[in-house]
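Peer 1: Taken in order, these protein sequences are the chains called D and P.
Be aware that the first sequence starts at 21, since it is given in this note's numbering, and climbs by one per residue.
Be aware that the second sequence starts at 6, since it is given in this note's numbering, and climbs by one per residue.
In this text, a Cβ means the ideal position worked out from N, Cα and C, and glycines have one as well.
Dropping the structure in here first, questions after.
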Amino acid sequence: MSIVAGDSIPTVILRLDRDRSVYFPGDTLSGEFRIEGLSRTAIEAVELTVLWFTEGKGTSDRGVHTAWQFLPSDRAFDPRRPQRFSTIVPRAPWSYEGIILKIRWTVRLRVILRGMPSIVCEVPFRLGDLPPVALP
Amino acid sequence: MNRPRAWLFFLQKKRGTHRTIPPTLAFWGELGIFCLILIAGVLGVLTLVARIFVPYWRAVKDFRPQFAVVRSARVVEHQFPEGLLFRPEILVSFQAAGREYATWAYNPQSPLGDGYLPDRRSAERVLSHFQEGQGCIIHYDPKDPSQAFLFRDLPWWTWVILFVPVSLVILGMTGIVMVLQAGKEQTFLGRMVLSGGRPALPEANASDLWPTVPRPLSPPDSPGVRLPIRLPLLPTQWGHLLGWLLVCLLWNGVAVTLFAWALTILSLSRGDWSFLAFTSVLVGGGAFWTGALVRQAAREWRIGPTIVEISEQPLLPGSRYQIYLAQLGKLRVNRLTVYLVCEERAIFREGTETRRESRQVARFRLFRREAFEVHAGVPFEAFFDFQLPFQVMHSFRSPHNEIAWMIVVENVVVGLPPMKRYFPVVVYPPHSGKVSA
């Protein structure tokens, strides 16, 4: 699965290795991203986060499972080349589709630019395969 | 339709959206209101202490009682910024340290301070108790016997009046603590440690997300008698009842104080009947509230305790568990039903208010028994088991959202409305990966 953000220039490509978006605890979630149309000097930092968040009636909560930061000052980092990432999916919280509460998981990529608004792109995925709640 | 300008935030709709003003503004607004309440309470306490309790304390500590003879009486008028006030004074003669003294004495204990009263009629009513040539007890200063006062014991209503500012202090402090606690709530769980191109959290620590799953009680925490774990009763019954009784006591304290105040004002002068009527409504409301709470407490007492024990915790989807149920008391039960219930709970802000909402999303009936009697000293007991379905959500808790599982015991007793008791349990995510039905 991949998400492409931006028009022709700049372009951010974020992709998960698996086509199916359902993961289970202990699975390996891996993928890659690359950024086209931006010079190294235009980028301040790139943050990649695997996180869950809540939606619904209550104030939204969120929690970070894993986060990476890529800095242009790091010589090994070339944003035009695919940057790999990988993590083990945790046991909780499971993705949940309730009545007044929903729990969602996503891989979020944030490209922080110098003097310009950040570019954010996300690839949602599901932890577990619980069906949506149906009221009794 | 034109939208209100951003700077007219106070004209924006207050209901219908989760948040209509910035949270920072809401936080400081709430904090300011409770600080004002606290300050009002503290000022009230200090005023009462300075005007009533300190003079009394000084009388006990520094002044000596002495028999004196009333020689004359007068009402002293004094123009204060808030208006003309009146102080009843009597001329007394007494002997101290072998000398004869004559001085104007007055009672410094009054709500307006320094013995002043709001009208001449009240002052004259005080003086009517002193006849010329009559004896009375005064308190004089041994260092300066020309200083003499007519102290009295503290009247009962001073303690009742103290209830009002003390209630404000409690309300203000409680509010401040609640606002500060709400402000501390973290909306960002987990650790965000960033590093160059490597996972910020080592894989071994991926279980840092476990804080979102509540910890269950283990057998040593709460051992059962028939089964390993006795489940705690949610404080919805006695806890809430005690909380409401406290609030009710405060309400009645304030209401009775205001009512006594209204009566005092009415007896001292022509007074205000509308104020008395208003305070009567407050007292009536308090009496009705007290009655309802007492009835609720009596109902709880009559039904008696309910005990629920379970073979194991946490619960895992697809696993079987045994339950022990005991109902004590002396009652005729029409129907007793035990459910396993899952509830979604959410906390959100509407304007400056924090609201809670819950929704039951799953309910499984575990046990049902109809038409039986429970005798005093012989509890009704039942063992039964159940299997938790495979595809259910685990318990979850974050600062503003929760998925809670509980065992609900519903008693329908002859002559009483249905009574529910809640025993929380914790459901863990399944051990293995994929769950199958």
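Mapping DSSP to helix, strand and coil, what is Trp-114/D?
Peer 2: Coil.
Peer 1: Using a Cβ-Cβ cut-off of 6 Å (strictly less than) and excluding sequence neighbours within five positions of Asn-210/P, which residues of its own chain qualify?
Peer 2: Because the pLDDT at Asn-210/P is just 38, under 50, the model does not fix this residue reliably, and the point stays unresolved.
Peer 1: For Val-131/D, collect the residues of the same chain with a Cβ closer than 7 Å to its Cβ; drop the 5 residues on either side in sequence, then sort them by chain order.
Peer 2: For Val-131/D, where only same-chain residues beyond five positions count, the Cβ hits under 7 Å are Val-32, Ile-55, Ile-63, Val-66, Ser-138 and Ile-139.
Peer 1: Residue range of the beta strand (DSSP E) that Pro-70/P falls in?
Peer 2: Segment 69 to 85, the beta strand (DSSP E) holding Pro-70/P.
Peer 1: Between which residues of its own chain and Trp-294/P is the CB-CB distance below 6 Å, once the five residues before and five after are set aside?
Peer 2: Taken in chain order, the residues that qualify are Cys-253.
Peer 1: Counting Cβ pairs, one atom from each stretch, are 3 or more of them under 8 Å apart for the region 334 to 343 of chain P and the region 367 to 385 of chain P?
Peer 2: As far as the Cβ criterion goes, the region 334 to 343 of chain P touches the region 367 to 385 of chain P, which means the pair count is three or higher.
Peer 1: Assign His-405/P to buried or exposed, taking buried as 16 or more other Cβ atoms, counted over all protein chains shown, within 10 Å of its Cβ.
Peer 2: His-405/P comes out buried.
Peer 1: At 9 Å on the CB atoms, spell out the chain D contacts of Ala-5/P, in chain order.
Peer 2: Since the first residue shown for chain P is 6 and the last is 442, residue 5/P is missing from the structure and cannot be characterised.
Peer 1: Could you tell me whether any non-hydrogen atom of the ligand SAM is closer than 7 Å to the CB of Pro-113/D?
Peer 2: Among the components of this structure there are no ligands whatsoever, and the ligand SAM is therefore not found.
Peer 1: Which residues in the same chain as Val-127/D place their Cβ atom closer than 6 Å to its Cβ, once the five residues preceding and following it in sequence are excluded?
Peer 2: The answer, listed in chain order, is Val-70 and Val-143.
Peer 1: Only counting the same chain, and skipping five residues up and downstream in sequence, which positions put a Cβ closer than 7 Å to that of Glu-117/D?
Peer 2: The answer, listed in chain order, is Pro-152 and Val-153.
Peer 1: Who are the neighbours of Thr-31/D on chain C, taking C-beta pairs under 7 Å?
Peer 2: In the displayed structure, chain C is absent; the protein chains listed are D and P.
Peer 1: Residue range of the alpha helix (DSSP H) that Ala-292/P falls in?
Peer 2: Here the alpha helix (DSSP H) through Ala-292/P covers 278 to 308.
Peer 1: Chain D partners of Ala-351/P, CB-CB under 9 Å?
Peer 2: Within 9 Å Cβ-Cβ: Thr-74, Gly-76, Lys-77, Gly-78, Thr-79, Ile-120 and Leu-121.
Peer 1: Using the three-state DSSP reduction, which class does Leu-112/P fall into: helix, strand or coil?
Peer 2: Note on identity: in this sequence residue 112/P is Asn, with Leu being the wrong assignment. Correct three-state label for Asn-112/P: coil.
Peer 1: Give a yes or no on whether the minimum CB-CB distance between Val-343/P and chain D is below 8 Å.
Peer 2: No, no contact with chain D.
Peer 1: At the level of alpha carbons, what is the spacing between Ala-31/P and Gly-356/P?
Peer 2: Spanning the two alpha carbons is a distance of roughly 7 Å.
Peer 1: What are the boundary residues of the beta strand (DSSP E) that includes Ser-127/P?
Peer 2: Careful: Ser-127/P lies outside any beta strand (DSSP E), inside the alpha helix (DSSP H) at 125 to 132.
Peer 1: Since Ala-110/P and Ser-98/P are thought to touch, with beta carbons under 8 Å apart, how far apart are those beta carbons, to the nearest angstrom?
Peer 2: Not confirmed; about 10 Å, so no contact.
Peer 1: Any idea if Gln-445/P is buried or exposed, counting beta-carbon neighbours within 10 angstroms, 16 or more meaning buried?
Peer 2: Here chain P has residues from 6 to 442 only, and residue 445/P is not among them.
Peer 1: What residue from Ile-181/P, Pro-93/P, Arg-126/P and Gly-258/P has the CA that sits closest to Gly-120/P's CA?
Peer 2: When each option's Cα is compared against that of Gly-120/P, the closest is Pro-93/P.
Peer 1: Rounded to whole angstroms, what's the CA-CA distance from Phe-264/P to Thr-284/P? Just pull it up for me.
Peer 2: Whole-angstrom Cα-Cα distance: 5 Å.
Peer 1: Which residue's Cα is closest to the Cα of Trp-410/P: Val-383/P, Tyr-427/P and Val-419/P?
Peer 2: Among Val-383/P, Tyr-427/P and Val-419/P, the Cα nearest to that of Trp-410/P is on Tyr-427/P.
Peer 1: According to DSSP, what are the bridge partners of Arg-370/P?
Peer 2: Tyr-344/P, per the DSSP bridge assignment.
Peer 1: Is the separation between the beta-carbon of Arg-4/D and that of Ser-115/D shorter than 8 Å?
Peer 2: This structure cannot speak to residue 4/D, because chain D is shown only from 21 to 156.
Peer 1: Considering only residues of the region 375 to 425 of chain P, which uninterrupted beta strand (DSSP E) runs meet the minimum length of 3 residues and lie entirely inside it, listed in chain order?
Peer 2: Counting whole runs of 3 or more residues, the region 375 to 425 of chain P contains the beta strand (DSSP E) stretches 385 to 392 and 406 to 418.
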